[in-house]
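Numbering (my numbering), first residue to last: 378 to 1119.
A quick write-up on the structure given underneath.
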Amino acid sequence: MAVRATVTRFPIDVESLEESGLPWGVTVSPFAAKDENGNPPVYGSEGHLLPRCENCWAYYNTYCEQEQWAWTCSLCGTLNGLSSQSVSRYSQPESCPENISSFIDLELPIEESEEMQARPVYVAAVDLASSEEFLELVKSALLAALEALGPGSLFGLATFSHKIGLYDVQGPIPVVKNVFIPHDSDGTLSMELQDVMPLSSFLAPVSTCKDRIASALETLRPTTSWERTSGAGQGLDGVFLGGRGFGSAMEALFNYIGSEYGNTFALARVFAFLSGAPDIGAGQLDTRRYGEQYASRREDADRALLPEQTPFYKDLAAVAVQSGVCVDIFAVTNEYTDLASLKFLSIESGGSLFLYTSTDDSTLPQDMYRMLSRPYAFNCVLRLRTSSEFQQSHSYGHFFPDPQYENVQHIICCDSFATYAYDFEFANNAGFSRHTSELPMLQIAFQYTVVVPPDELANAGSNTTTRAKHSLKKRLRIRTLQFGVGHSINEIYDSVDSEVVLSLLVHKVILASLEQGVREGRMLLHDWLVILTAQYNDACKLIQSGHGGSSGVHIDVAFSQCPQLQPLPRLVFALLRNPLLRLHEEGVHPDYRIYLQCLFSALEPSSLSRAVYPLLTSYASPDKQAYPRHSLSRAALITSGSPIFFLDAFTNLIVFYASTADPSLPFPPPQDCLLRTTINKLKQERCITPKLSFIKGGQDDATVFENYLIEEQDVEGSGFTSVMGFVSFLEEINQSTLEYLK
C-alpha cells in the first residue's frame, strides 16, 4: 500500500492552507505490494481480533499508547479497554504484527456462507459486426490470454452482432448456438441464454480445453452486410444495416453468468471487444452527435461530447456488480464510438477501458497477457480515517461510495497499480495545535479477497490436480501514518511532492471538464498556477517594486528559491498541451479524451507525471548514458550534442538517432546494450504496454518524436510559433499574477 501526500508537513490551520495555494491531500495505491519506500507489510492472521476504537472505529496500531488493560486511540485520543484475550496476546508484543509495524496485512476468517468453489471465470464477448483485421487481432489477444490463465480457470466464448452466439467447446468440435437481438431499443431477447445453452456447457475448463478454445476462435468470421440486413429486418428507410447489439448482449450475459455467482465463482471477468458503437437493441447509441456542427449552433463541442447520452450503461454496471461481474472494454476503432456513454460499464464494475485506434500496431495481445498475469484483489472495501482536526473532503478514482456509510468506498476489482486520491479540509477553525506533541494521523484500512490456486503440493501423488478447488482468502491491510506540521509557509513549500500535486490537479480538471466543459478545466488549471505564484511570491517576500510603479514589479514565476515547486510550471504547461485538455477544434477525438480521462484518473503519481511531461534522456552510445534529463525542446537536442535520445512518454517509448550521429553506431540498438535493458525494465514495470519505435533523424519521418518537444509549441493551438512556447507561457503567468496582485 503506497501512500503519498501533496505535502509531508501539513498546514497548521485554514489560514496557512489558503496562504500556501496548494492542494492538500494524498494518493493511495491500496493493493501495491510495498509502501512508497519499498517496504512490504508485516503479515499475520486473526485480523478479526484486532482491537478497534469505541469512538472513531480506528484500528489499534503502533502509535497507540498501551497500558496493561487499556489503550489510547492515536487518531481521536479515546481511552479503550482491552479484552482479556487481547491482554494475553499483547503480553508478548513481538509476536503481534500490529505491535511491530504500522503497515500490516492480516488474514480474516471466511464465513461459512462464503465458502465456495471459487474458480476464476473469464468470458470473452467478441464483436462480429467488424472486420477480418479486427478479429485476427482479437484472436491473438485471446490466445495470449489463455497462456496467462491459471489451471482450474473456466473460460466462455460469446459473440455479438445482430445475434448473440454462445460456444460449447467441450465436445470434439465446437458448437455455436445463436439467439437474435431485436433491433428496437427495448431489445429483450426471445429466450433466456440459459435455455439456449446450459452455463455448464458454456464455461469450459481451460486446462483440458485450451486447444478446443483455440480452434473455436479460428471459426470466428465477421457477419456480412447481407446477414445483418436479413437479421435486423427492414428499417424505416428500406434496408437497415445496423448490427451491433452490444447493450442487449451484455445485459443477457450478466444475467446468464450471474446465476452461478457465489456458487461456482466469486468474481467473473468479461472481456468485451468492440469495433464500433452499439447500434441495435438496448443501449444503442446515436453517433450522429459527433458529426453535427456545434459551431454553427453556438454550442461547445468540448462540453457536448463529454457527458453520456444514455444512463443505460451506468445502470448496466450496477447489474454487473450484482452479478459478480467485472467488465474490461477493449475498443479497437478510429470511428466515433461514444466512450463517454460506454465507459461506466467498465470503470464502475471495477474494470478498465482500453482504446486502440488501429489494428496494425496495436498492443492489445500484450496488454491482455499482462493484465491477466498480475495479481488482483476483489470485493474490496477502502476506508480512510483521520485524526480529529481534519477530514476527507473529496475522494477520486474508479470506485463507488457505500450507500450507507460515509467515506467508505467499494472497489470491485483492484490490481497493484490502481490508485485513488483524497482531498483534505480542516474539521474546524482551530487547526493543529502549535504547542502539543500530537501530530496529524492518517489510517487507511483495505479489506480485500483473493483467489488462491490449489496448492500443488497438497495434491502431490494424487490425480485430482485438475479438479482441485481454488479457495478464497479474505485479508485486512492497514497502514497508519503520522505527518509533520509546517509551522511556516516555507516549511510547507519545502515538503511539497510535485507529482502528487499534479495527481490531485488532474482529478480536479477532469471533474471540471465533465461538469462544465474543457475550457473551464483549462481556466481552472491556469488560475491555480497564477494564485500559487502570487502566494509564493508574497510568502517569500519576493515582490519588490522598482521605480516605475507596477511595471517595475519583479515576479519569480520559476520558483527559484524552492526546488520542490520548480517542476510545477512545466507540468501545468504540459497538461494544458495534453489532448486531455486540448480543444475539440484542435482535432482531439472525443473518444481519445475519454480514454485519457479513464487512464489518468487511475495512474499512480510517478506514472501520471511521465504521461503528462515525458522524460527525455540522451546517450553517447547504446551502452553509455550522457545526460539523465533534458527539457522537451529542439534547443536541448542541439546543445547536448549527443547522438542518441530516448523519450519515455509512458504510453510511447521512442529511440531517436540524431541526423548528426556517427553512422558506425548500431541502429536499432542491439538487444544486450544498456539502452535496451532500460527499455525492457520500463516495459515490465508498466500497467499497459508502451509502444516502442525507433527513428533515424534525416531518414525517417520524425513527426511523432517532434510532437513531444512541447516547450517550443504555443500553449493555445498547435504548431511552432514565432514566440517560444514555454517562455511566453511563463511571461503570460507573470502578467496574470501582476493583474491578480492588483
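C-beta atoms are modelled at their ideal positions from N, C-alpha and C, and glycine is treated no differently.
What is the rounded straight-line gap between the Cα of residue i and the Cα of residue j?
i     : j     : result
A997  : I1021 : 7 Å
A708  : S517  : 15 Å
V895  : E962  : 12 Å
P407  : T857  : 13 Å
C450  : N457  : 7 Å
G548  : D572  : 19 Å
L523  : A535  : 15 Å
A643  : V829  : 12 Å
A835  : A649  : Because A835 carries a pLDDT of 49, less than 50, the predicted location of this residue cannot be relied on, and the following value inherits that uncertainty. Spanning the two alpha carbons is a distance of roughly 36 Å.
T841  : K554  : With a pLDDT of 43 at T841, under the threshold of 50, the modelled position of this residue cannot be trusted, and the question is left open.
L853  : C757  : 10 Å
E484  : M378  : 16 Å
A593  : A654  : 25 Å
K1060 : L1030 : 9 Å
S538  : S1008 : 49 Å
V500  : D1077 : 42 Å
Y440  : G622  : 56 Å
V384  : N867  : 12 Å
L1014 : R1006 : 11 Å
G365  : P1043 : Lying before the first or after the last residue shown, residue 365 is absent from the chain, which here runs from 378 to 1119.
C917  : A935  : 13 Å
P497  : N476  : 36 Å
E833  : G421  : Reliability of the predicted coordinates at E833 is poor, the pLDDT of 41 falling under 50, and the value obtained from them is presented with this limitation in mind. For E833 and G421, the distance between alpha carbons rounds to 23 Å.
F803  : K850  : 38 Å
E1108 : I932  : 10 Å
G529  : T596  : 25 Å
W448  : P470  : 14 Å
F1023 : L882  : 28 Å
S393  : L399  : 10 Å
Q563  : V949  : Gln is not the amino acid found at residue 563; the sequence shown has Asp there. Going from the Cα of D563 to the Cα of V949 covers about 46 Å.
T1054 : P1046 : 10 Å
Y638  : I706  : 21 Å
R811  : R646  : 51 Å
Within 9 Å (strictly less), CB to CB, does residue i reach chain C?
i    : result
S567 : Among the chains of the structure shown, chain C does not appear; only one protein chain is present.
Would you list the one or two residues that DSSP bridges to residue i?
i     : result
K516  : Beta-bridge pairing links K516 to no other residue.
M627  : According to DSSP, which records beta bridges pairwise, M627 is partnered with nothing at all.
N1029 : K1068
I855  : I481 and A822
K1001 : S998
Y420  : D482
S848  : V829
D705  : F648
R372  : Outside the displayed range of the chain (378 to 1119) lies residue 372, so it cannot be described from this structure.
Could you check whether residue j and residue i sit closer than 9 Å to each other, using their CB atoms as the reference points?
i     : j     : result
P1067 : T1028 : yes
G660  : H560  : no
S726  : V704  : yes
V380  : E413  : yes
L942  : Y870  : yes
S700  : I789  : no
I389  : V862  : yes
Q820  : L902  : no
P428  : L512  : no
L1052 : D1000 : yes
I1087 : L906  : no
I1056 : R747  : no
I558  : S625  : yes
D800  : S772  : yes
P944  : S875  : yes
L732  : A694  : no
L985  : L879  : yes
F1033 : A1003 : no
V546  : A521  : no
I855  : A807  : no
Residue i and residue j look like a contact to me (Cβ under 8 Å); what is the Cβ gap, rounded to whole Å?
i     : j     : result
F631  : A697  : 5 Å
E981  : T404  : 7 Å
K691  : I971  : Not really, about 14 Å apart at Cβ, beyond 8 Å.
V464  : Q445  : 7 Å
E1089 : S1010 : 5 Å
F1082 : P817  : With a Cβ gap of about 45 Å, F1082 and P817 do not count as contacting.
Exercise for the section: Scan the region 756-812 and note each continuous beta strand (DSSP E) run of 3 residues or more that stays entirely inside, going in chain order. Expected result: Within the region 756-812, the beta strand (DSSP E) runs of at least 3 residues that lie entirely inside it are, in chain order, 767-773, 785-792 and 797-803.
Exercise for the section: Could I get the ranges of all uninterrupted beta strand (DSSP E) runs contained in the region 906-977, with 3 residues as the minimum, in chain order? Expected result: Runs of the beta strand (DSSP E) inside the region 906-977: 921-923 and 926-931.
Problem - Entirely enclosed beta strand (DSSP E) segments - the region 716-750, minimum 3 residues - result: Every beta strand (DSSP E) stretch that sits fully inside the region 716-750 and reaches 3 residues is listed by chain position as 730-733.
Practice task
Starting from the N-terminal side, write out each stretch of the beta strand (DSSP E) that is 3 residues or longer and does not extend beyond the region 383-457.
Solution key: Listed in chain order, the complete beta strand (DSSP E) runs (minimum 3 residues) inside the region 383-457 are 386-388, 402-406, 419-421 and 447-449.
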